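Residue numbers (this note's numbering): 9 to 396.
C-beta: ideal position from N, C-alpha, C; glycine also.
Computed from a predicted model, the values in this text were never measured in an experiment.
Single-structure report; data block below.
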Amino acid sequence: MKVLSIFGTRPEAIKMAPLVKALEAEPDLTSIVCVTGQHRAMLDQVLRLFDIRPEHDLDVMVPNQTLNGLSARMLGTLDDLLTAVKPDRVLVHGDTTTAMAASLAAFHRRIPVGHVEAGLRTYDINQPWPEELNRRIVDVASDLLFAPTARARANLESERLGGRVVVTGNTVIDALRLTVERLGSDLELQADLGARFSQLRSDRKLLLVTGHRRENFGAGFANICSALSTLSLKDDLEIVYPIHLNPNVRGPVREALADRPNIHLVEPQDYVPFVYLMQRAHLILTDSGGVQEEAPSLGKPVLVMRDVTERPEAVDAGAVRLVGTDPDRIVGEVAALLEAQSVSSTFAPHRNPYGDGHAAARIVSALTGRSFEEFAPKNVHRSTLAAE
Ligand code: UD1
Ligand code: UDP
């Protein structure tokens with residue numbers, strides 16, 4: 009069976025990497041990788057790290073691309089690719105324009121689609137935008153739905169979609185585990201990273217920030233920057249903010265936050281240094297999807313700058329709190345967590361609601377018809393962000 013994995017952005021690459029490696033190791037499968045290049049620099053960082061050499065690279069990214077321009081470029085080039093490669097199955101991930109376009113292109117060519125990270129929903133079509141629509145389109149077009157959690161399966165079943173649903177856990181936990189093991193065992197790497205971030209004072213608490221959601225462009229980012237500006241007045245705090253390469257994020261953030269002594273505006277980090285920063289952080293402020301899964305898995309509290317999330321498991325477990333983009337709310341919630349004597353948000357590895365590090369193996373088993381046990385977290389640990 010010829011399996012064509014198609015992805016194009018940083019988070020898709022991180023979450024598809026363990027699966028690509030598992031597919032490559034499978035003697036009964038031929039694994040082919042196509043990157044759309046929806047992201048260029050941020051994608052290439054991940055490909056280098058996991059030593060993935062795509063057979064096909066559509067290189068579609070243009071500066072400040074529009075959703076329609078991007079979709080149109082992809083649909084045309086993907087159709088040529090699908091007719092040339094003739095895969096037996098296409099795999100896509102998540103909710104990006106790449107995933108939406110690739111599933112549609114495959115559906116039009118009557119090639120079966122498997123959706124990795126199926127069934128995430130906010131049930132608000134505008135949040136996150138356009139991802140909530142993208143993921144629903146991909147789920148409708150797919151005949152194999154790899155749901156990361158039981159909650160995601162329940163969403164899919166309630167929508168009566170035609171595809172077969174299997175609960176696999178999220179491949180992000182596979183990627184995170186590999187990275188944490190590498191960081192833990194490589195002393196030279198630890199020393200390099202310590203030196204790279206030597207400007208961070210160990211007597212100050214570290215607040216790690218990321219943000220890039222389209223629905224926060226404009227007023228949302230102005231509010232977020234205003235909150236960070238206020239927080240930077242605290243002299244026991246260091247703020248590290250790797251700024252996403254989207255010009256709608258980069259311009260306003262740099263303009264608003266340059267030259268604050270304890271705000272470090274840095275380039276998007278490779279995955280290993282980013283995991284290192286998550287490990288060092290006291291808390292994390294983000295609008296990212298993947299970080300909501302990773303940070304609680306590392307025992308770090310997360311404040312999410314959104315009104316709704318498609319990843320409610322960690323909110324229910326008390327490890328993630330939604331704070332929106334109101335500056336007073338952000339400042340208040342960060343300050344409360346900084347002042348708390350202890351803040352617990354640890355998911356023990358065997359109790360993580362998002363995965364156990366074996367999601368890629370389950371997906372390969374489902375593809376090859378081998379039997380396997382679906383993912384089920386054992387006793388999800390109740391944790392709390394409340395001040396203690
Ligand atoms: C995209 C995804 C979003 C995902 C995010 C992860 C869609 C609609 N959005 O949003 O779901 O959460 O990726 O980061 O699919 N750029 C570069 N180099 C890069 C990456 C981006 O220069 O390596 C700049 C380019 O100007 C590009 C712009 O960022 O045009 C926007 O990239 P795009 O993929 O359209 O949107 P993201 O905001 O990154
Ligand atoms: N990430 C990274 N470097 C950074 C910021 C994030 O490697 O500077 C990783 C992060 O650990 C997570 C993924 O990128 O695995 C999340 O990507 P992003 O927030 O861009 O997208 P989303 O998850 O919101 O789709």
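Status (buried if at least 16 other CB within 10 Å, exposed otherwise) for R161:
Here the question's residue 161 lines up with position 153 in the sequence shown. By the neighbour-count criterion, in which 16 or more other beta carbons inside 10 Å mark a residue as buried, R161 falls on the buried side.
Nearest-angstrom Cα distance between P357 and A327?
By one-based count along the sequence shown, residue 357 stands at place 349. By one-based count along the sequence shown, residue 327 stands at place 319. Residue placement at P357 is flagged as unreliable, the pLDDT there being 46, under the threshold of 50; the coordinate-derived value follows with that caveat. Their backbone Cα atoms lie some 14 Å apart in a straight line.
Would you say the beta carbon of V180 is closer than 7 Å to some non-hydrogen atom of the ligand UDP?
Translated into positions along the sequence shown, residue 180 becomes position 172. V180: yes, Cβ under 7 Å from the ligand UDP.
For a quick check, are the C-beta atoms of V93 and L37 less than 8 Å apart?
Taking the sequence shown and counting its residues from 1, one reaches residue 93 at position 85. Taking the sequence shown and counting its residues from 1, one reaches residue 37 at position 29. Cβ atoms of V93 and L37: not closer than 8 Å.
Answer yes or no: the CB of T44 versus the heavy atoms of the ligand UD1, is any distance below 7 Å?
Numbered from its first residue, the sequence shown carries residue 44 at position 36. Not under cutoff, so the answer is no.
Mind the definition here: the stretch 64-80 touches the stretch 95-103 only if three or more C-beta pairs lie below 8 Å; say whether that holds.
Output reads no: the stretch 95-103 does not touch the stretch 64-80.
Look at the Cβ atom of N134, then the Cβ atom of E223, and state whether they are nearer than 8 Å.
Here residue 134 corresponds to residue number 126 of the sequence shown, with the count starting at 1. Here residue 223 corresponds to residue number 215 of the sequence shown, with the count starting at 1. It is a contact, given that the beta carbons lie within the stated cut-off.
Enumerate, from N- to C-terminal direction, the unbroken alpha helix (DSSP H) stretches of 4 or more residues contained entirely within the stretch 235-308.
Correct list: 255-265, 279-288, 298-305.
Name the DSSP bridge partner or partners of L215?
Here residue 215 refers to the residue found at position 207 when the sequence shown is read from its first residue. For L215, the pairing in a beta bridge is given by DSSP as I247, L291.
Which residue or residues does DSSP assign as beta-bridge partners of R329?
Here residue 329 is taken as the residue at index 321 of the sequence shown, counted from 1. Bridge partners of R329: L311.
Residue from G171, V175, D147 with nearest C-alpha to R159:
For the purposes of this step, residue 159 is taken as the residue at position 151 of the sequence shown. Comparing Cα positions, the closest option is V175.
Any heavy atom of the ligand GDP closer than 7 Å to the beta-carbon of P260?
The ligand content of the structure shown is limited to the ligand UD1 and the ligand UDP, which means the ligand GDP is not among them.
Going by the beta-carbon positions, is the gap between P276 and P260 smaller than 8 Å?
Translated into positions along the sequence shown, residue 276 becomes position 268. Translated into positions along the sequence shown, residue 260 becomes position 252. No, the pair does not count as a contact, with Cβ atoms beyond the cut-off.
CB contact below 8 Å: S39 versus chain D:
You won't find chain D in this structure, because it holds only one protein chain.
Are there any heavy atoms of the ligand UDP lying less than 7 Å away from the beta-carbon of E302, as far as the coordinates show?
Translated into the one-based positions of the sequence shown, residue 302 becomes position 294. E302: yes, Cβ under 7 Å from the ligand UDP.
At what residue ranges does the stretch 133-157 contain a whole run of the alpha helix (DSSP H), taking only runs of 4 or more?
For the stretch 133-157, whole alpha helix (DSSP H) runs of length 4 or above, ordered along the chain, are 139-149.
Determine the DSSP secondary structure at I22, reduced to helix, strand or coil.
Residue numbering aside, residue 22 sits at position 14 when the sequence shown is read from its first letter. Helix at I22.
Whole-number beta carbon distance between H290 and L398, since they are thought to touch under 8 Å
There is simply no residue 398 to check, as the chain begins at 9 and stops at 396 in what is shown.
For V316, verify whether its CB is less than 7 Å away from any heavy atom of the ligand UD1.
Residue numbering aside, residue 316 sits at position 308 when the sequence shown is read from its first letter. Distances between the C-beta of V316 and the heavy atoms of the ligand UD1 are all 7 Å or more.
Between the beta-carbon of I338 and the beta-carbon of A235, is there less than 8 Å?
Along the sequence shown, one-based indexing puts residue 338 at 330. Along the sequence shown, one-based indexing puts residue 235 at 227. The Cβ atoms of I338 and A235 sit closer than 8 Å to each other.
What residues in its chain sit with their C-beta under 7 Å from that of T333, if we drop five residues either side in the sequence?
Position 325 of the sequence shown, counting from 1, holds the residue named residue 333. Taken in chain order, the residues that qualify are N224, G228, N231, I232, M313.
Does the pairing of the stretch 75-90 with the stretch 121-134 give three or more beta-carbon distances under 8 Å?
Contact fails: fewer than three Cβ-Cβ distances are below 8 Å.
Integer-rounded CB distance, given that M69 should sit under 8 Å from Q46
Along the sequence shown, read from residue 1 onward, the residue named residue 46 stands at position 38. Along the sequence shown, read from residue 1 onward, the residue named residue 69 stands at position 61. Between M69 and Q46 the Cβ distance is about 6 Å, and since that is below 8 Å, they are a contact.
Quick check: L285 and V248, are their CB atoms within less than 8 Å of each other?
Along the sequence shown, read from residue 1 onward, the residue named residue 285 stands at position 277. Along the sequence shown, read from residue 1 onward, the residue named residue 248 stands at position 240. With contacts defined as CB atoms closer than 8 Å, L285 and V248 qualify as a contacting pair.
Do the stretch 236-243 and the stretch 317-325 meet, that is, are 3 or more Cβ pairs less than 8 Å apart?
By the criterion of at least three beta-carbon pairs nearer than 8 Å, the stretch 236-243 is not in contact with the stretch 317-325.
Hey, would you say the C-beta of T218 is under 7 Å away from at least one heavy atom of the ligand UDP?
Taking the sequence shown and counting its residues from 1, the one referred to as residue 218 is at position 210. Because some heavy atom of the ligand UDP lies under 7 Å away, the Cβ of T218 counts as near it: yes.
Can the beta-carbon of D182 be found less than 8 Å from the beta-carbon of A368?
Counted from its first residue, the sequence shown places residue 182 at position 174. Counted from its first residue, the sequence shown places residue 368 at position 360. In this structure, A368 lies closer than 8 Å to D182 by Cβ.
Measuring alpha carbon to alpha carbon, tell me which residue in G171, G297, A199 is nearest R6.
Coverage of the chain is limited to positions 9 through 396, which leaves residue 6 absent and any answer about it impossible.
Spatial distance of E300 from L128 (CA atoms):
As a first step, residue 300 must be located in the sequence shown, where it is residue number 292. As a first step, residue 128 must be located in the sequence shown, where it is residue number 120. According to the sequence shown, residue 300 is Gln rather than Glu. If you take the alpha carbons of Q300 and L128, they lie about 13 Å apart.
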